[in-house]
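In this text, residue positions in the sequence shown follow this note's numbering: the first is 1, and each later residue adds one.
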Amino acid sequence: MDAKQLKWIYLLVLSLIWGSSFILIKRGLVGLTAIQVGSFRIIFAALFLLIIGFKSLKKISCQQWKYVALTSLFGTFMPAYLFAIAETEVDSSIVAILNSLTPLNTLVLGTIAFGIQFQKRQILGVFIGLVGCSLLVLSGASAHPGQNYYYVGLVVIATICYALNVNLIKKYLSDLNSLSITTGNFTVLLLPALLILSTTDITQRVSLEATQHSIFFVMILGVMGTGIANVIFFKLIQMSSPVFATSVTYLIPIVAFFWGLLDNEMLTPIQFFGAFIILIGVYLSAKKNKA
């Protein structure tokens, strides 16, 4: 199978895994706090990756470790906590839709900080995406007065972190295999996540049945939605482009929306329209010129 076909298969697999991550976070929050969900997600992913990829750490040079540490901070550490905190107030399907701002932010950061050239159409896409985001947030706040839609700001920050992460990987870690990058990321994060978890009330909660169920869901999230998915994602970045790799967020909301339906979440017509506008903006920003 050639690289062109393989990258589309990776994109589809990632959309299925990450589209399911938001409902797993929601399930995790039933018996755990947002900080505990974020910490357990990192810990389970780290343990899994150290088992399968410990030997790959030898391939990381001393010079590359600083970029591995940076990508671990922006690509995993901050988003793991930001998404969990956001879902304490906002529906998982809304969070998934807002996650589709990642390619727009990838383009903006790539242009500003990494010298990527842009076209007028892409700037239009960024503007349209922001309009759609505003519409989604304002209509959601109106339709769900019990939810605090200021928390969507945390999702936007997380998408900026993801955007910075993929640009860093493409520029500084393209010659390092994806398993080495991912295992290196979580080797760096394991101790901080354990320390943060130790400051919570997890020892008092762990005997509760609801907490044990939540830990199980977060274990699936950590191994599948973080560990395995990141290996695939980093490989996709290296074999394509940062904007193409982050275009997985086109498909994530579709998967997350169906999970949300099963969990009695529903978008209003205006929210559907806002989501549609976001995806148009993402498409325009990521679309390449014809040769």
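Even glycine gets a Cβ: it sits at the ideal position worked out from N, Cα and C.
Note that this is a predicted model, so its numbers are computed, not measured.
Worksheet item: E89 by DSSP, collapsed to three states: which one?
Response: Note: E89 maps to coil in three-state DSSP.
Worksheet item: For R121, is the classification buried or exposed, using 16 other Cβ atoms within 10 angstroms of its Cβ as the cut-off for buried?
Response: Within 10 angstroms of the beta-carbon of R121 lie fewer than 16 other beta-carbons, which makes it exposed.
Discussion item. For L208, count the other beta carbons within 10 Å of its own beta carbon; 16 or more makes it buried, fewer makes it exposed. Which is it?
Written reply: Exposed is the call here.
Discussion item. Less than 6 Å between C-beta atoms, sequence neighbours within five positions excluded: which residues of the same chain meet that for G53?
Written reply: Closer than 6 Å at the Cβ level, and outside the excluded window around G53, lie L179, T183.
Item to complete: Using 10 angstroms around the beta-carbon of A113, count the other beta-carbons present and answer buried if the total reaches 16, otherwise exposed.
Response: Exposed.
Fill in: Distance between V68 and L173 (C-alpha atoms, nearest Å)
L173 and V68 have their C-alpha atoms some 8 Å from each other.
Worksheet item: What first and last residue would you give for the alpha helix (DSSP H) that runs through T183?
Response: Here the alpha helix (DSSP H) through T183 covers 178 to 198.
Worksheet item: Does DSSP put T268 in a helix, a strand or coil?
Response: Assigned with DSSP and collapsed to three states, T268 falls in coil, not helix or strand.
Discussion item. Restricting to Cα atoms, I'd like to know which of I277, F44, V152, M78 is closest to T88.
Written reply: It is V152.
Fill in: Where the alpha helix (DSSP H) containing V101 begins and where it ends
Contrary to the premise, residue 101 reads as Leu rather than Val in this sequence. Counting along the chain, L101 falls outside any alpha helix (DSSP H), and DSSP gives it neither H nor E.
Item to complete: Under 6 Å Cβ to Cβ from K290, same chain only, skipping five residues before and after it: list those, please.
Response: Its pLDDT being 47, under 50, K290 is placed unreliably by the model, and the measurement read from it follows with that caveat. Result list for K290: empty, nothing under 6 Å.
Worksheet item: For V206, which of helix, strand or coil comes out of DSSP?
Response: Correct three-state label for V206: coil.
Practice prompt. Can you give me the start and stop residues for the alpha helix (DSSP H) that I252 sits inside?
Written response: Here the alpha helix (DSSP H) through I252 covers 252 to 262.
Worksheet entry | Short Cβ contact (7 Å threshold) for A245 with L251 | Not closer than 7 Å, so no.
Worksheet entry | Residue environment, Q63, which counts as buried when at least 16 other CB atoms sit within 10 Å | Burial call: exposed.
Worksheet item: Can we count L124 as close to the ligand GDP, meaning its CB is less than 6 Å from some heavy atom?
Response: This structure lacks the ligand GDP, and indeed carries no ligand of any kind.
Worksheet entry | Run of the alpha helix (DSSP H) containing K235, from where it starts to where it stops | Annotation for K235: the continuous alpha helix (DSSP H) segment containing it runs 229 to 239.
Item to complete: Evaluate contact between the segment 34 to 44 and the segment 93 to 109, counting only Cβ atoms and requiring at least three cross-stretch pairs below 8 Å.
Response: With a cut-off of 8 Å, the segment 93 to 109 and the segment 34 to 44 do not count as touching, because too few Cβ pairs lie within range.
Worksheet item: Beta-carbon separation of G222 and F44 under 7 Å?
Response: By the CB criterion at 7 Å, G222 and F44 fall inside the cutoff.
Discussion item. I'd like the list of long-range same chain contacts for I97, defined as Cβ closer than 7 Å, with 5 residues on each side in sequence excluded.
Written reply: For I97, where only same-chain residues beyond five positions count, the Cβ hits under 7 Å are L136, P253, A275, I278.
Worksheet entry | Close-in-space but distant-in-sequence residues of the same chain around R205 (CB under 6 Å, 5 per side omitted) | Answer for R205: T211, listed in chain order.
Practice prompt. List the whole-angstrom C-beta distance separating L189 from T76, where the pair is believed to meet the contact cut-off of C-beta under 8 Å.
Written response: In this structure L189 touches T76 by the C-beta definition: roughly 6 Å separates them, less than 8 Å.
Worksheet item: Roughly how many whole angstroms lie between the Cα atoms of I270 and D175?
Response: Using only the alpha carbons, I get a separation of about 45 Å.
Worksheet entry | Close beta carbons around L49, own chain, < 7 Å, minus the five adjacent residues each side | Spatial neighbours of L49 in its own chain (CB-CB distance under 7 Å, excluding positions within 5 residues in sequence) are listed in chain order as T182, T183, F186, G227.
Worksheet entry | Length of the line joining the Cα atoms of I232 and P79 | Distance from the CA atom of I232 to the CA atom of P79, rounded to whole angstroms, is 18 Å.
Worksheet item: Going by Cα to Cα distance, which pick from N264, L261, A256 is closest to G19?
Response: The residue with the shortest Cα to Cα distance from G19 is A256.
Fill in: Three-state secondary structure assigned by DSSP to A291
With a pLDDT of 39 at A291, under the threshold of 50, the modelled position of this residue cannot be trusted, and the question is left open.
Worksheet item: Any idea if I51 is buried or exposed, counting beta-carbon neighbours within 10 angstroms, 16 or more meaning buried?
Response: Exposed.
Practice prompt. Rank W259, V166, G28 by C-alpha distance to the C-alpha of G110 and give the top, closest one.
Written response: The residue with the shortest Cα to Cα distance from G110 is V166.
Worksheet item: When you compare only the Cα positions, how much space is there between S21 and L191?
Response: Whole-angstrom Cα-Cα distance: 23 Å.
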